[in-house]
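Enquirer: First residue of the sequence shown: 17, per the working numbering; consecutive thereafter. No residue lacks a Cβ here, since even glycine has one placed at the ideal position from N, Cα and C. Quick one: the structure is below, and I'll ask about it shortly.
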Amino acid sequence: MLESIEKKLVEKPNKKDREVVIVFPFNTETREIFLIQEYIHTYDRKFWKFVSGGVDKVDKDIITHAIEELAEEVSMESSVFYHLYSSERVFGNRPIHYFIAENPMIMDNPPENPDTDFITAVKWVNLTGFQEMLDKQELLWDQGTMCALQAFRKYQ
């Protein structure tokens, strides 16, 4: 029994087991959310998605990961971060933590992004534009888009 427990003790979780942070950069004045289109090598295609990344540093908390993902992925920073929602590990899914970054600004000296996927487009969209993207299936109906709709609701 001790051997099976020791196998589970790891300093850095396996990539498939890591938690995920998703950040919704949100402009509170225009009521728009920031989306990125990313080419993902694994699927050999582009997807519209949210700023996101794996929780891969054991010495940092979840909100620090979210702040770093915003900086690394889109060179933005925000002085106001809110935790919106966290899902639990259910049926093998990874826990996901959702954050809102209010009124983010472009950084002067952003950190380098270690990710190998490429951002091919970015845009700010209001609620109507977001719903149109869902209708056209440019965005998938999933937990992330449901949480994004909740973010829009928070600022209406």
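For ALA167 and SER102, I'd like the C-alpha separation in whole angstroms.
Expert: Translated into the one-based positions of the sequence shown, residue 167 becomes position 151. Translated into the one-based positions of the sequence shown, residue 102 becomes position 86. ALA167 and SER102: Cα-Cα distance of roughly 13 Å.
Enquirer: Can you say whether ILE116 is buried or exposed, counting buried as having 16 or more other CB atoms within 10 angstroms of its CB?
Expert: In the sequence shown, residue 116 corresponds to position 100, counting from 1. The residue is buried, with at least 16 neighbouring Cβ atoms inside 10 Å.
Enquirer: Would you mind working out which of GLU104, ILE79, HIS81, GLU118 sits nearest SER95, comparing C-alpha positions?
Expert: Looking up residue 95 in the sequence shown gives position 79. Of the candidates GLU104, ILE79, HIS81, GLU118, the one whose C-alpha sits nearest the C-alpha of SER95 is GLU118.
Enquirer: Would you kindly check if the distance between the Cβ of ARG105 and the Cβ of ASP175 is under 8 Å?
Expert: As shown, the chain starts at 17 and ends at 172. That puts residue 175 outside it, with no answer to give.
Enquirer: Any chance you could list the alpha helix (DSSP H) runs of at least 4 consecutive residues sitting entirely within the segment 76-133, in chain order?
Expert: Whole alpha helix (DSSP H) segments, 4+ residues: 78-90.
Enquirer: If you pair each beta-carbon of the segment 128-137 with each one of the segment 36-44, do three or more pairs fall below 8 Å?
Expert: The segment 128-137 is not in contact with the segment 36-44.
Enquirer: By Cβ distance below 6 Å, which residues in the same chain neighbour GLN53 in space, the five residues on each side in sequence not counted?
Expert: As a first step, residue 53 must be located in the sequence shown, where it is residue number 37. So the qualifying residues of the chain are LYS62, TRP64, THR136, ALA137.
Enquirer: For ARG169, does the three-state DSSP call read helix, strand or coil?
Expert: Within the sequence shown, numbered from 1, the residue matching residue 169 stands at position 153. Three-state DSSP puts ARG169 in a helix.
Enquirer: Buried or exposed, going by whether 16 or more other CB atoms sit within 10 Å of the CB of LYS32?
Expert: Here residue 32 is taken as the residue at index 16 of the sequence shown, counted from 1. Unreliable positioning characterises LYS32 in this predicted model, as indicated by a pLDDT of 48, which lies under 50. A coordinate reading is not provided.
Enquirer: Which stretch, first to last residue, makes up the alpha helix (DSSP H) that contains LEU150?
Expert: The count along the sequence shown starts at 1 and reaches residue 150 at position 134. Per DSSP, LEU150 belongs to the alpha helix (DSSP H) from 143-151.
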